[in-house]
Amino acid sequence: NLTARFEKVFRFLKGQGKLTEANIKEALREVRLALLEADVNYRVVKDFVSRIQERAVGQEVMSSLTPGQQVIKIVHEELIKLLGEKAEPLSLKGPSPVTVLLVGLQGSGKTTTAAKLALKLKKDGRHPCLVPADVYRPAAIEQLRVLAGQVGVPCYEPGQGESPESIVKAALNYAGSQRCDTLIVDTAGRLHIDRDLMEELRRLKQILSPEEILLVVDAMTGQDAVNVAEAFHKELSITGVILTKLDGDARGGAALSVRAVTGCPIKFVGVGEKLDALEIFHPDRMSSRILGMGDILSAIEKAQEAIDQEEAERLFKKLQEDSFTLEDFRDQLRQLRRLGSLDQILKLLPGTGMLKELRNMHVDMKELIHAEAIINSMTKEERRKPEIINASRKRRIARGSGTSVQEVNRVLRSFEQMRKMMRQMVGTGRSSGTKAAKK
Ligand code: GDP
Ligand code: MG
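In terms of UniProt numbering, the sequence shown is residues 4 to 442.
As structure tokens, this is what we get:
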């Protein structure tokens, strides 16, 4: 579950120990980064984090849970709350035909979603009918007609040059003649929010009195989705949102922002181009997607199997004392080798802060083995004080390990890089306070 997963991430990043007020802040910094990286709007993130902080540093921390568990629990709860708690069904009450109006920018997926929705309702035993009210793109009417054929539902055929207003009026009668109980109206979109379009949509709304006005938003547009949602909501009072293209790279942060900014529920998500790729939106699933928790669990479990805890603690101590040597580095390389393909594991981790740096470091198995051989060929003194390794020593090490001077240099550089990164890691952990105080 999400709480347990998140807890692991926190432990992974911070080592163990009690969270203080300062550390809660630090932990929330990671949360903030994760959310921003998932394309959540910065205003939403700011509110969200401050709400958690308020709860976390308050008296709730004193309960039976450890402070760490408590923070995670709060993050989890608040995130679900922000996403709308539970799935929201379509409202299709009222006299037949009930109307669903789909609106949104061009390319957001309205036409495709209209057909997907028709298929879903048909499967639910309803009798939907599709209405093409996008008269500006010549191919749009044809596109919907073809999709309607695939779904097996009727589609209104506009006359030559018929206006959107006239189309929807006629479609109301058409629905009766076809014994349809639900009208799904596809509308025109523009590349940007546009006065004329809004006016037109407002007129369609007036004619149809739709039970649902669903804004179709492309999840890949990230931050932009917020402005779009705000504008459409202000003009049309939308009743819900459909987030499309979630099968792509989008982490779903747009969902969080759109929901938070408009207060309108997300009702469905589009997860592919096929007509059955429309799913009911589940806040809990989305929250794990946003936090990237789905994959991190398996990655961390894998890592924990290979890196034994004692070893990690010993290393942590060394780092604190700033006595990390090439021997430790070699131990680390051995551990990495035990991890199997590191690249694969790192790819699973969400790209926040330090993890991102790690992920950008490409490590390959052969290199790891060479690096070990190189360090083995060094003298004890060289391993403890790499700065004494001059050109002639490098040549000797390369010969001894059957590698090249370039490879020796590379290992030394990686060591330095690792040491630097480790120092940063320790610096962001709980030792930072004491360390700074010592200096
Ligand atoms: P409209 O301009 O808003 O009507 O957008 P369309 O319905 O014509 O869709 C634009 C493009 O997005 C098309 O190529 C669709 O196949 C694609 N599309 C729509 N929804 C999804 C989705 O959920 N996932 C993916 N991968 N593509 C989608
Ligand atoms: Mg369209």
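Using N, Cα and C, we set each Cβ at its ideal position, and we do this for glycine too.
Residue interval of the alpha helix (DSSP H) (run including residue i)
i, result
"G144", "The amino acid at residue 144 is misidentified as Gly; the sequence shows Ile. Note, I144: alpha helix (DSSP H), P141 to V154."
"G162", "Note, G162: premise wrong, no alpha helix (DSSP H); not H, not E."
"G256", "G256 to T265"
"L246", "Segment G243 to T247 is the beta strand (DSSP E) holding L246; no alpha helix (DSSP H) there."
"E233", "D227 to L239"
"L211", "R198 to L211"
Contact belief for residue i with residue j at Cβ below 8 Å, rounded distance in angstroms
i, j, result
"C267", "T242", "7 Å"
"L218", "A118", "Between A118 and L218 the Cβ distance is about 17 Å, and since that is not below 8 Å, they are no contact."
"D184", "H130", "5 Å"
"R58", "I77", "5 Å"
"G225", "D250", "Their Cβ separation, rounded to whole angstroms, is 16 Å, which puts G225 and D250 out of contact at 8 Å."
"S166", "V188", "Not quite, the Cβ-Cβ distance comes to about 14 Å (not below 8 Å), so this is no contact."
"residue 444", "P286", "Lying before the first or after the last residue shown, residue 444 is absent from the chain, which here runs from 4 to 442."
"L329", "F235", "Not a contact, Cβ separation roughly 60 Å."
"V156", "L133", "6 Å"
"E81", "F51", "6 Å"
"L207", "E168", "7 Å"
Check whether residue i and residue j have beta carbons under 8 Å apart
i, j, result
"V103", "L120", "yes"
"G110", "V220", "no"
"L281", "L86", "no"
"P135", "A143", "yes"
"R416", "F327", "no"
"P98", "L186", "no"
"G273", "T116", "yes"
"I378", "R333", "yes"
"R337", "E375", "yes"
"I55", "L39", "no"
"N385", "R396", "Note on identity: in this sequence residue 385 is Glu, with Asn being the wrong assignment. Yes, Cβ-Cβ distance for E385 and R396 is below 8 Å."
"V231", "I269", "no"
"V171", "L204", "no"
"I216", "L194", "no"
"V47", "V264", "yes"
"V34", "G256", "no"
Residue span of the beta strand (DSSP E) that contains residue i, given as start and end
i, result
"K388", "Run containing K388: none; DSSP gives neither H nor E here."
"A136", "P131 to A136"
"T115", "First-last for T115: K113 to K126, but that is the alpha helix (DSSP H), not the beta strand (DSSP E)."
"G273", "I269 to G273"
"D42", "Run containing D42: none; DSSP gives neither H nor E here."
"E282", "L281 to I283"
"E215", "E215 to D221"
"L105", "V101 to V106"
"T185", "T185 to T190"
Cβ-heavy atom distance, residue i to ligand 1, below 7 Å
i, result
"D250", "yes"
"S166", "no"
"T116", "yes"
"S380", "no"
"S111", "yes"
"T224", "no"
"T247", "yes"
"V219", "yes"
"V274", "yes"
Problem set entry | Beta carbon nearer than 7 Å to a non-hydrogen atom of ligand 2 | K113, T114, D137, R140, A143, Q146, D189 and G192
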